[in-house]
Every structure is written in structure tokens, then in C-alpha cells.
Amino acid sequence: MNIGEFLFKYRSYTPIPFLIIMLLYCKPNIISLITGFVLVLLGEYIRIWSNSWTGSETRTTDGVGGTYLVISGPYAFVRNPLYIGNIIIYFGLSVMSNALFPYLQVFGVILFAAQYYFIIKEEENFLSSKFGDAFQSYLHNVNRFIPKLKKYSSGNTEQPPYSFKKGFNSEIRSMQAWGIVALALILIWFIRRY
């Protein structure tokens with residue numbers, strides 16, 4: 001198992017040390033809570049929009065896979081919107097916590113970008129072998145992390161049907177997880193304040 005496969009398999013657990021540090025050193029205030037929560041909601045919106053195209057296939061830990069080369073919705077602007085959404089959520093939670101500001105926030109972005117770099121390399125190897133020239137065209141026209149303003153279009157690539165319901169349902173576990181952390185930060189702020 002290489003590093004990309006390892007990080008893909010255990011990507012649900014890698015945020016735990018970051019979240020523990022964040023909670024141990026948190027100093028939330030009303031501004032950090034509101035600002036961070038808005039960022040968390042933005043990240044979650046990106047994830048729901050992305051999963052409305054991919055469905056629950058992205059939730060697997062059994063190994064990299066995929067039925068479709070999804071190039072619709074947010075994927076028409078950037079290749080990895082789910083990971084961008086995750087980074088924004090983690091950044092938002094760390095802003096909410098106001099822990100070790102700004103060092104923890106910068107560290108978190110770098111940490112998760114590095115993790116996703118290795119995972120993305122693994123995913124790209126799979127997509128290249130499965131979708132060949134269609135993926136190569138997508139790879140050369142759509143950025144990994146920085147969205148393009150121009151929508152990518154390839155008229156002959158079969159796409160899954162869009163389903164907001166599938167996207168939302170796929171995100172329930174994620175919303176529960178970050179919701180618990182956000183609630184803990186709000187309670188810590190409330191208890192310390194009163």
C-alpha cells in the first residue's frame with residue numbers, strides 16, 4: 001500500500017489530531033464563531049453540490065474507483081471540489097475555534113492540501129487508466145485546486161444524473177461530524193463567557 005492508498009483509506013481519521021489540538025487550544029469569540037461558521041457552510045455547500053453529481057461513490061474507503069468521469073457541476077470548473085470543500089470546512093472550524101491563530105489555520109490548510117495531493121495522484125492514476133483520452137483532455141483543461149471561470153465541456157462524456165437529494169443524503173455524516181465540533185466550540189464560548 002503506497003501513501004496515496006493509505007491516506008485515501010484512512011482520510012476520515014486524519015483530521016482527528018488536528019481537531020483535538022484545535023479544541024485543546026480554542027479561544028472562540030463571537031466574531032471567530034460567526035466567520036468560521038460561514039466558511040464551514042460554504043465548504044459544505046461545495047460538498048453537497050459536488051456529491052449531487054457523484055452520489056455516495058465518493059464515500060468509499062475500499063479503494064479508489066468510479067463509474068463515471070464526472071465533468072459536470074463544480075467538476076466543470078475544478079477537478080477536486082470535494083477536497084476544496086473539506087479544506088474550507090477544516091479552515092472554518094479552526095477559525096471558529098480561534099486556536100493558535102493564525103498558525104493552526106495555516107498549518108491546517110497546508111496539512112490537508114498535502115494529504116489530498118497524495119490522494120489525488122492515486123485517483124488520477126485510476127481515472128487515467130479507466131477513462132484514457134477523455135481524462136487526459138479533462139486533466140489538461142481543468143485545474144486541480146484553483147477553479148477556472150470558464151466551464152469545461154466535453155459533449156461525448158456520459159454523466160451521472162444530478163440529484164440534490166443524493167448529494168444531501170451523502171453528506172449527512174459529514175454534517176453531523178462538523179456540527180458536533182461547531183456545537184462544542186459554541187458551548188465552550190458560552191460557558192467561558194457566562
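FYI, my numbering numbers position 153 of the sequence shown as 153, with every residue one higher than the one before it. Every residue gets a Cβ at the ideal spot worked out from N, C-alpha and C, and that includes glycine.
Less than 8 Å between the CB atoms is what I'm expecting for residue i and residue j, so what's the real figure, rounded?
i, j, result
"GLU32", "ASN80", "Inspection of the sequence shows that residue 32 is occupied by Ser rather than by Glu. With 8 Å as the limit, SER32 and ASN80 do not qualify as a contact, their Cβ atoms being about 27 Å apart."
"VAL40", "TRP178", "6 Å"
"ILE21", "LEU93", "Contact doesn't hold; Cβ gap of about 12 Å is too wide."
"LEU185", "CYS26", "6 Å"
"PHE18", "TYR90", "7 Å"
"ILE3", "PHE118", "5 Å"
Look at the alpha carbon of residue i and the alpha carbon of residue j, and state the distance between them as a whole number of angstroms.
i, j, result
"PHE101", "ASN156", "48 Å"
"PHE190", "ALA76", "42 Å"
"ALA113", "ILE34", "24 Å"
"ILE188", "SER129", "49 Å"
"GLY66", "LEU127", "8 Å"
"GLY43", "ILE87", "8 Å"
"SER154", "ASN29", "47 Å"
"SER56", "SER170", "5 Å"
"PHE107", "TYR162", "35 Å"
"ARG192", "TRP49", "36 Å"
"GLY111", "THR14", "Before going further, note that residue 111 is Leu rather than Gly in the sequence given. Rounded to the nearest angstrom, the two C-alpha atoms are 10 Å apart."
"SER12", "GLY36", "21 Å"
"ALA214", "LYS150", "This structure does not reach residue 214, given that the chain is present from 1 up to 194, and the question cannot be answered."
"PHE131", "VAL109", "30 Å"
"MET1", "TYR194", "50 Å"
Whose CA, out of the options, lies closest to the CA of residue i?
i, options, result
"VAL38", "MET96, GLN176 and LYS148", "MET96"
"TYR68", "ARG173, ILE16 and GLN159", "GLN159"
"LEU82", "GLY108, VAL64, THR54 and VAL106", "THR54"
"ARG47", "LYS148, TYR13 and MET175", "MET175"
"SER137", "VAL181, TYR152 and PRO147", "TYR152"
"ILE84", "TYR45, SER52 and VAL64", "TYR45"
"LEU24", "VAL181, ARG193 and TYR194", "VAL181"
"LYS148", "PHE131, PRO161 and GLY73", "GLY73"
"ARG173", "ASN51, ALA134 and VAL78", "ASN51"
"LEU139", "MET1, VAL64 and VAL78", "VAL78"
Any beta carbon of chain C sitting closer than 8 Å to that of residue i?
i, result
"ILE180", "Judged by its chain identifiers, the structure shown contains no chain C, having just a single protein chain."
Does the region 115 to 124 come close enough to the region 2 to 15 that 3 or more CB-CB pairs lie under 8 Å? yes
Does the pairing of the region 139 to 151 with the region 162 to 176 give three or more beta-carbon distances under 8 Å? no
Could you give the uninterrupted runs of the alpha helix (DSSP H) lying entirely in the region 107 to 189, keeping only those of 4 residues or more? 164 to 170
Note down, one range per segment and in chain order, each alpha helix (DSSP H) of at least 4 residues found wholly within the region 20 to 88. 30 to 54
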